[in-house]
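To start, the structure under review is shown below, and the notes come after it.
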Amino acid sequence: AQTVTQSQPEMSVQEAETVTLSCTYDTSESNYYLFWYKQPPSRQMILVIRQEAYKQQNATENRFSVNFQKAAKSFSLKISDSQLGDTAMYFCAFMNNAGNMLTFGGGTRLMVKP
Amino acid sequence: EAEVAQSPRYKITEKSQAVAFWCDPISGHATLYWYRQILGQGPELLVQFQDESVVDDSQLPKDRFSAERLKGVDSTLKIQPAELGDSAMYLCASSLASGASTEAFFGQGTRLTVV
């Protein structure tokens, strides 16, 4: 079974600064998919960014980028130019190659301070 | 914009009572997930449907939980009898197909409190 670990329960960052959230995972599969989801307070979960394990190039979406280290089974999220609206819970998630078992980590609570 | 609809938003029930949650996925989405999220933790997958078939229910406590998606569209998750430890947010999500490249869209959830 896959496991996803987020070792930072809480983080804070000043507005306009850069912050990196960590995620490690464990799997025996060679092809799989990784995601970062954002859950704002009292709002639904939304996808931030996704990475296919067979792609070496790190995914980017505007201010969000990942550092995917397949050998180390590490998948960190970098948020550049942090904004107050980035305040939320962030969840790292794993999905197997068959498209099943979307498994989440325990989350990191990010607070962006003005 | 299409959304995953869940009802009710909030539910308070006494322990040993039965409770049911409803989810209507985005139209055309074949894959439907039910998750349980305890406050401050990550979502835990309870059951995954592909159309009307169960793909995975290995984490569903089958002695008290049941889920169905009879026509492959909307879905119901039931707990009977409810226990104090069932207090959590129950999230429904759907995706276009059981393909890893497709995004899962989440509903706002049903917050259950068992007293």
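Protein chains in written order, with our numbering: chain A, 1154 to 1267; chain B, 1179 to 1293. Here a beta-carbon is modelled for each residue, glycine too, at the ideal position from N, C-alpha and C.
- Taking a Cβ-Cβ threshold of 8 Å, the residues of chain B close to Thr1256(A) are Leu1223, in chain order.
- Cα atoms of Gly1259(A) and Thr1177(A): separation of roughly 11 Å, rounded to the nearest angstrom.
- In the assembly as shown, Leu1262(B) is an exposed residue. Its beta-carbon has fewer than 16 other beta-carbons within 10 Å.
- In chain order, Ile1190 and Ser1265 place their CB closer than 6 Å to the CB of Thr1291(B), counting only its own chain and leaving out the 5 sequence neighbours on each side.
- Proximity of Phe1217(A) to chain B, defined by a Cβ-Cβ separation below 8 Å, is not satisfied.
- For Ala1208(B), no Cβ of chain A is located within less than 8 Å of the residue's own Cβ.
- Using a Cβ distance threshold of 8 Å, Leu1269(B) and Gln1195(B) do not count as a contacting pair.
- The beta carbon of Ser1185(B) sits closer than 8 Å to the beta carbons of Phe1199, Trp1200 and Thr1288 from its chain, once the five residues preceding and following it are set aside; these are given in chain order.
- Taken atom to atom, the span from the alpha-carbon of Gln1197(A) to that of Gln1286(B) is near 5 Å.
- Arg1289(B) is bridged by DSSP to Tyr1188(B) and Met1267(B).
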